[in-house]
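Asker:
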Amino acid sequence: MKKFLFSLLVLLNLSLAFAAVDVTFHGTSASGQVNEFDVYIYDCLDSSCTQYRDFSGVMLNGTSTTRGELTVRFPDSLATPYGYALFAVADEMYRPMEYKSVVHSNGQATLYRHDFDIEFSQITNCRSLVHDFSVLNDAKPNIPVVMQLDASLDAQTVSAFKKVDTGIGFVPGFLDLWYSAETEVTLTIVDENGGVVHEEQRDLDLYADERERVQFTWTPRQDGRYSARVQSRVTDPVCQMTTPEHSEKYFAVLDDEPVDQCYTLLNNLELSNAFPRTGDVVTTTFNKLSNWADGFGVLTPVATALRIVVMGPLGNLVYDDVVTMGANADGLDPVAASFSWAAQQSGLHTVAVSAIAQDNRCSGLTNDWEVISTSVYVDSTMPGEEPGDEPKIDDVAFDAYIYVTDELSGEPVDGADILLDNGFRDETNDQGVGHIDGLVNGVYSFKVKHDEYETVEGYFVIDNADATVFVELELDEGAVEADREVFSISMDGVRIPNAFNAKVGSALEISVNFDNDGDVSLDDARAAATILELGVHDSVGPFDLDAGDSFTKRLFIPIPDETEPGTYYVRLSVGQGKNTRIVHRMIRVTE
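When the letters of the sequence shown are read in order and numbered with numbering that gives the first Met the number 0, they come out as residues 0 to 590.
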């Protein structure tokens, strides 16, 4: 199906320049000519063009073309004072275009001709806000979720597509699919041990500017602490990249209705702006309910202590406040609250509220924190930029390169699975490198898994640049042969005197201390240093490296004259063949 976003206002007023009637439309795009496209035109009957009728001109080539151009004959005088509405759609990878046209020739009989390019384009970065998330006990929404009883989980998902005001107040019904965003919404529930206990997915077609509540049902089988995440991912082909957004809640499941305890329910964290830009103020609302349940299960409302935090894309605090809200009016109905924060930096932000019941009667009783959060992407606002302008993909999308090696040998690990917290994943190649693209500014958690190794978790930061991550995997002794040779070279002493002031055109000195603290003696070993990005290398050897030996070697890497200042990584290796230890060190090149 063809799906698109955005519309563009271009006023075709040719009557003053010359009297044009026949207009030939040419399909173009950033990658060249677009051969197949459709054009539909209507007469506008009012100033907002919400009322319309069939086109009074002639579609000389029909409404479709496969030749990259299509000619339309407009009447010599405007059919109505309000002009024409023109819609153009092409392949599913392009968004639809809208034009308000007032083409005519002032009633002259002469046939005039004009060419006009329809510039089809894609969306740089699609995202669909998922917020207003709630997790409720179906039978009794005012108490926590109880095992063996149904819980309802629902969230509001906002279309990734926005309609720009072009002066055209309608879209023909048969074009609705072009204005809908294919969106995948996934619920994942994880227990306190990190195990996934429930997962469910819905596929939506969200029309531009619309939002839809997505509902799930889950029956917990065990009490304990859980997290539920609802994540949206725009899968529409019109998107050059997509940034997943999510809402998440940490909550308790009880083995029975609450007795002799305090509890808090947080739900419906909602943002006033689904597509904030730097400089915007975003109002956030949520509701809370805190109760004390006595020995008979009778509920009494109590106050709530709240921590409200907005984290920027680099983990920086954008907003931080600690407040106390008074008790709700009764034990049934939640109380609404709100706060506002200013978006100051482009990238993925996390808005989080933590809450706990606050009352003397809660002392010594079970009284768990409840946490709810929502992620939202903030777009940059550039000087002179119009609100509907699309950023260039190179300005918002960055890559992560994950280098995975064996902890003992330093050899690349092939086939390691890399999974980011936003659902993006890749597998390392035979060089031990995984590559994940389409990442916006933000902090990303990751896991690296392999059948023969222990799982490693970590994080990295995207800050207007690509990220390089080095991961060392430790063998899972239960998954490998018991008689595997023990090989170990340690490089505990690496000295680079000018590591953060390496001059262009100079030689970078590196001193490496290493020990063979394994059982394998090596003949013809070498020590080498390489900067892959610059294509420069130095090595020393061969030399014998017997078990128990310690050495210090010096290497000199030339920094080419044409090197751009910036951060680079030096790959240091010691060993022979498959028995090689590899580490990486960062340097900064300056002019």
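We put the CB at the ideal spot given by N, CA and C, even for glycine.
Every value quoted in this text rests on a predicted model; they were computed, and no experiment measured them.
Taking the alpha helix (DSSP H) that D394 belongs to, which residues open and close that run?
Answerer: Its alpha helix (DSSP H) spans residues I392 to V395.
Asker: Please report the residue range of the beta strand (DSSP E) in which M324 lies.
Answerer: That run of the beta strand (DSSP E) goes L316 to M324.
Asker: Shortest alpha-carbon distance to T185 belongs to which of N192, L176, L152 and I40?
Answerer: That would be L152, whose Cα lies nearest to the Cα of T185.
Asker: Find the nearest neighbour of L438 within the set G409, L110 and V395, judged by alpha-carbon distance.
Answerer: Per the Cα distances, V395.
Asker: Over the uninterrupted beta strand (DSSP E) stretch that includes E426, give me the two end residues.
Answerer: Looking at the DSSP string, the run of the beta strand (DSSP E) that includes E426 is R424 to E426.
Asker: Rounded to whole angstroms, what's the CA-CA distance from G540 to I556? Just pull it up for me.
Answerer: Each residue's alpha carbon lies about 16 Å from the other.
Asker: Return the residue from the list Q430, R228 and V237 that minimises the CA-CA distance to K248.
Answerer: For K248, the nearest C-alpha among the options comes from R228.
Asker: Answer yes or no: the CB of F169 versus the heavy atoms of the ligand COA, is any distance below 8 Å?
Answerer: Although the ligand COA was asked about, the structure shown includes no ligands whatsoever.
Asker: Rounded to a whole number of angstroms, what is the C-alpha to C-alpha distance between T109 and L85?
Answerer: The straight-line gap from Cα to Cα measures roughly 24 Å.
Asker: Considering only DSSP beta bridges, list what E590 is partnered with.
Answerer: For E590, which the question treats as bridged, DSSP gives no partner whatsoever.
Asker: With the cut-off set at 9 Å, would you say E118 and S28 are in Cβ contact?
Answerer: Against a cut-off of 9 Å, the Cβ pair of S28 and E118 comes out as a contact.
Asker: Does the distance from the C-beta atom of A527 to that of F513 stay below 9 Å?
Answerer: Going by C-beta atoms, A527 is not nearer than 9 Å to F513.
Asker: Verify whether the separation of the beta carbon atoms of G212 and T282 is less than 9 Å.
Answerer: According to the sequence shown, residue 212 is Arg rather than Gly. It is not a contact, given that the beta carbons lie outside the stated cut-off.
Asker: Using 8 Å as the cut-off, can you tell me whether the segment 422-436 makes contact with the segment 350-369, which would need three or more C-beta pairs spanning the two stretches below that distance?
Answerer: No: the two stretches stay apart, fewer than three of their Cβ pairs being nearer than 8 Å.
Asker: Among the candidates D537, A150 and V163, whose CA atom is the shortest distance from the CA of H197?
Answerer: H197 has its Cα closest to that of A150, out of D537, A150 and V163.
Asker: Identify every run of the beta strand (DSSP E) within the segment 66-139, keeping only runs that are complete inside it and at least 3 residues long; order them along the chain.
Answerer: Fully enclosed beta strand (DSSP E) runs of 3 or longer: 68-72, 83-88, 96-100, 112-118, 122-125 and 129-136.
Asker: Are W291 and V280 touching if we call contact CB-CB under 9 Å?
Answerer: Taking 9 Å as the Cβ cut-off, W291 and V280 do not qualify as a contacting pair.
Asker: Report the rounded CA-to-CA distance for A207 versus K161, giving the unit in angstroms.
Answerer: Looking at the two C-alpha atoms, the distance is approximately 5 Å.
Asker: Decide yes or no for the touch test of the segment 309-328 against the segment 410-426: beta carbon pairs closer than 8 Å, at least 3 of them.
Answerer: The segment 309-328, when compared against the segment 410-426, does not touch it at the 8 Å Cβ threshold.
Asker: Along the chain, where does the beta strand (DSSP E) that runs through K446 open and close?
Answerer: That run of the beta strand (DSSP E) goes G441 to H449.
Asker: If you reduce the DSSP assignment to three classes, tell me which class W177 lands in.
Answerer: In the structure shown, W177 sits in a helix (DSSP, three-state: H, G or I).
Asker: Buried or exposed: where does A180 fall if 16 or more other Cβ atoms within 10 Å of its Cβ makes it buried?
Answerer: With 16 or more other Cβ atoms within 10 Å, it is buried.
Asker: Check the Cβ-Cβ distances between D149 and every residue of chain C, and say whether any is below 9 Å.
Answerer: In the structure shown, chain C does not exist; there is a single protein chain.
Asker: If I follow the unbroken beta strand (DSSP E) through R232, where does it start and stop?
Answerer: It spans G223 to V233 - the beta strand (DSSP E) in which R232 sits, taken as one unbroken run.
Asker: Quick one: using the 10 Å Cβ neighbour count with 16 as the cut-off for buried, is E35 buried or exposed?
Answerer: With fewer than 16 Cβ atoms within 10 Å of its Cβ, E35 is classed as exposed.
Asker: Between the C-alpha atoms of D416 and T187, what's the straight-line distance to the nearest angstrom?
Answerer: Approximately 20 Å between the Cα atoms of the pair.
Asker: Under 8 Å by Cβ, that's how I've got R232 and G422 pegged, so tell me the actual separation to the nearest angstrom.
Answerer: The Cβ separation is near 6 Å, so the contact holds.
Asker: In whole angstroms, what is the alpha-carbon distance linking P382 and A273?
Answerer: Any answer about P382 is weak, because its pLDDT of 43 lies below 50 and its placement is not dependable; what the coordinates show is given next. Each residue's alpha carbon lies about 22 Å from the other.
Asker: For A335, count neighbouring Cβ atoms within 10 angstroms of its own Cβ and tell me buried if that reaches 16, exposed if not.
Answerer: By the 10 Å Cβ count, A335 comes out exposed.
Asker: Can you have a look at R587 and say buried or exposed, based on whether 16 or more other CB atoms are within 10 angstroms of its CB?
Answerer: R587 should be labelled exposed.
Asker: So, with DSSP's three-state summary, where would you put G437?
Answerer: If DSSP states are grouped into helix, strand and coil, G437 belongs with the strands.
Asker: Buried or exposed, going by whether 16 or more other CB atoms sit within 10 Å of the CB of M310?
Answerer: With 16 or more other Cβ atoms within 10 Å, it is buried.
Asker: To the nearest angstrom, report how far apart F285 and E456 are at their CA atoms.
Answerer: Using only the alpha carbons, I get a separation of about 32 Å.
Asker: Can you tell me where the beta strand (DSSP E) holding I556 begins and where it ends?
Answerer: From DSSP, the beta strand (DSSP E) with I556 extends over S549 to P557.
Asker: With DSSP collapsed to three states, give me the class of C361.
Answerer: Reduced to three states, the DSSP call for C361 is helix.
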